[in-house]
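Number of protein chains: 2
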Amino acid sequence: MTIQESATTSEGRPQRADARRNHERLVEAARELFEEGTDTSMEAIAKRAGVGIGTLYRHFPKRIDVVEAVYRDDVEQVAIVAERVVVELEPWEAIDVFLHAFVNYALGKRRFLNELREAFEKNPELKSASRERLDGAVRLVLETAQRAGVVRTDLTSEEIYGLVGSMCMSALLTTEQCDRLIGLILDGLRVR
Amino acid sequence: MTIQESATTSEGRPQRADARRNHERLVEAARELFEEGTDTSMEAIAKRAGVGIGTLYRHFPKRIDVVEAVYRDDVEQVAIVAERVVVELEPWEAIDVFLHAFVNYALGKRRFLNELREAFEKNPELKSASRERLDGAVRLVLETAQRAGVVRTDLTSEEIYGLVGSMCMSALLTTEQCDRLIGLILDGLRVR
DNA sequence: TGCTAAGTGGAGGGCACCTCCGTATAATAG
DNA sequence: CTATTATACGGAGGTGCCCTCCACTTAGCA
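Read top to bottom, the protein sequences are chains A and B.
Add 1346 to a position in the first sequence, counting from 1, and you land on the number used in this note's numbering.
Add 1346 to a position in the second sequence, counting from 1, and you land on the number used in this note's numbering.
Structure follows, in C-alpha cells:
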C-alpha cells in the first residue's frame, strides 16, 4: 500500500502540495523506465523524477510498491479509456479502440509478470480490485456495443477478458501475433 | 554456454577430475536451492556445494548460466525417465508415470519463467534443443503406448506436449488442479 | 510573520554479483 | 618417484543496488 490513495490521508490534514507533485512525478518516471525493462534501479527512478532517493522511499517504502503504483495507474488508464470511448465514439469504433488499448496494456504487463505476481501475493486486494476494475471496463464497452446491436450477444465480458488476457500473457505469442489475433477476435465479435 | 559440454574440452586434455566433481556438485546444490525460490545467492550455492565462490564463477561465469545448467539437467532427467519407463514398465503404466514426472518438471519451471525466458533469449539453441529433447521423450512414450494399443492413436506428441506444457505454465492453475487435470487427460487418452 | 508538522535528500549500511590473482593440485613426462 | 606445468581452487575486495536514518527545509496555518 502506498502512503495515500487520494489527496488526503485517512485522518488529519490534506497532503502537502509538493508531496503530491512528487508522487505523480515518481509514478510517471517509473512507468517510463519500466517500459524498457524492470531492472531499473531506484536511484534511476528518483533521478528521472528529479527528487532525492529519500523522497522516493518516503512515497514507496519498497521497490515492489513502485511496481504496484505503476500497475494501479495503468489499470486506471485503461478504465478511463473505456469510459471515454463509450461517450465519444460510435459503439463499434468504441470497442475497436478499447480492445486495442486493452491489449496494449496487457502486453506491457508481460515484462514484469513475476514482480506483479509478487505484488499480488503481498496484497491480494490489489489483484481483486484491479481485476474488478478491468472487468467493469470491458463490460461497459461490450454491453454498450451489444445494446447498439453491433456485437453478438452470446458472449460475456468475463469471456472476452479471459480470452484477451490469456492471449497476451502467453509467452509463446509475439506482439505482432497478438495484434493480428485482436483483429480476428473483433471480426468474430461483429454482427454482420 | 558452460565451460564444457562433455568430459573433454573441444581440443586438448580431458577435464580434471576435481573440476568435474565440483561441476556436478554445483548443479546439484543449485537445483536444491532453486526448489524454494530463485532468489538464492551465488554465495549460498557455492557454500552448499562445498566450494569457493571463485570455483562457482569458473564453472558458470554469470548467474544465468547456473539457471541454464539446472534447466538442461532437468530436461535430461525427464528424458531419462522416458527411456527408462518404456523398457521397465507396462505401456500404460509407463505413460502414467511419465506424464506425472513431466508435469512435475514443468510445474517446477513456473518459478523461474522470467529467468528462463532470459536464458532462451541469450541462447536460442537452449530453447530448441530442450524442446526437441522433451518432444522426443513424449513421442517415445506415447508411440510405445499407441503401438501396444492402450492409447488412442489420433493424437500426436506435439499436441500432448502443448496441452500439458501450457496447462502447467498457466499462472491461473494451482499444483493440485494440474494434478487432477493430468488424471483427466490420462482418462481421455486411454483406449477402453 | 512565525510556528510546526510534513516533507526532502543524500550519506552510508548491508548484501549480492562478479573479478582478480596468489595458492594448490591432478595429470603427465623423465 | 620426482619434477613440471597446465588446470583448477578460493576468497578478498570492487561495484552497484536496495533501503535506512536523520539533519535540514518548507508548505500551510494562526
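Backbone N, C-alpha and C define an ideal beta-carbon position, used for all residues, glycine too.
- Message: For G1508/B and D1500/B, what's the separation of their Cα atoms in angstroms?
- Response: Near 15 Å, if we compare the C-alpha coordinates of D1500/B and G1508/B.
- Taking only beta carbons into account, state which residues of the segment 1457-1485 of chain B come closer than 8 Å to chain A, listed in chain order. In summary, the residues of the segment 1457-1485 of chain B whose CB is separated from some CB of chain A by less than 8 Å are L1459, N1460, R1463, in the order they occur in the chain.
- Item | Pairwise C-alpha distance: A1491/A and V1510/B | Going from the Cα of V1510/B to the Cα of A1491/A covers about 37 Å.
- Task: Spell out a yes or no on whether the segment 1372-1387 of chain A and the segment 1448-1460 of chain A are touching, meaning 3 or more CB-CB pairs, one atom from each, closer than 8 Å.
- Result: Enough Cβ pairs lie closer than 8 Å, so yes.
- Assuming L1472/B contacts E1434/B (C-beta within less than 8 Å), just tell me the rounded distance between them. Incorrect: roughly 29 Å between the Cβ atoms, too far for contact.
- Message: Is it buried or exposed, I1288/A, if we count other Cβ atoms within 10 angstroms and call 16 or more buried?
- Response: In the structure displayed, chain A extends from 1347 to 1538; residue 1288/A sits before or after that span and is not available.
- Item | Of the residues T1502/A, S1387/A, A1375/A, H1405/A, the one placed nearest R1366/A, counting alpha carbons only | Between R1366/A and the set T1502/A, S1387/A, A1375/A, H1405/A, the nearest pair of CA atoms involves H1405/A.
- Query: Assuming M1513/A and L1527/A make a contact with CB atoms under 8 Å, what is their CB distance in whole Å?
  - Reply: Distance from M1513/A to L1527/A at the Cβ level is roughly 6 Å; contact confirmed, criterion being Cβ atoms closer than 8 Å.
- Item | Where the alpha helix (DSSP H) containing Q1539/A begins and where it ends | In the structure as shown, chain A begins at 1347 and stops at 1538. Residue 1539/A is therefore absent and cannot be evaluated.
- Task: Please determine, among E1464/A, R1536/A, T1521/A, the residue with the shortest C-alpha to C-alpha distance to R1493/A.
- Result: Cα-wise, what sits closest to R1493/A is R1536/A.
- Query: Tell me, which residues are paired with V1497/A by DSSP?
  - Reply: Paired residue(s): R1536/A.
- Query: Among R1479/B, T1521/B, A1428/B, Y1417/B, which residue has its Cα nearest to the Cα of A1465/B?
  - Reply: That would be Y1417/B, whose Cα lies nearest to the Cα of A1465/B.
- Message: So, with DSSP's three-state summary, where would you put R1526/A?
- Response: In this structure, R1526/A counts as helix in the three-state DSSP scheme.
- Could you spell out the range, first to last residue, of the alpha helix (DSSP H) harbouring N1450/A? Annotation for N1450/A: the continuous alpha helix (DSSP H) segment containing it runs 1437-1456.
- Message: Give me the residue from P1360/A, L1402/A, R1362/A, V1412/A with the minimum Cα distance to T1384/A.
- Response: Distances from the alpha-carbon of T1384/A to those of P1360/A, L1402/A, R1362/A, V1412/A put V1412/A closest.
- In terms of residues, what are the limits of the alpha helix (DSSP H) holding E1414/B? Segment 1409-1434, the alpha helix (DSSP H) holding E1414/B.
- Query: When the Cα of V1397/B is compared with those of A1375/B, V1432/B, H1446/B, which residue comes out closest?
  - Reply: In terms of Cα proximity to V1397/B, the closest of A1375/B, V1432/B, H1446/B is A1375/B.
- Rounded to whole angstroms, what's the CA-CA distance from L1462/B to T1386/A? Just pull it up for me. One alpha carbon belongs to L1462/B, the other to T1386/A, and they sit about 20 Å apart.
- Give me the Cβ distance between I1426/A and L1488/A, rounded to the nearest whole Å; I'm assuming they're in contact under 8 Å. I1426/A to L1488/A, Cβ: 17 Å. No contact.
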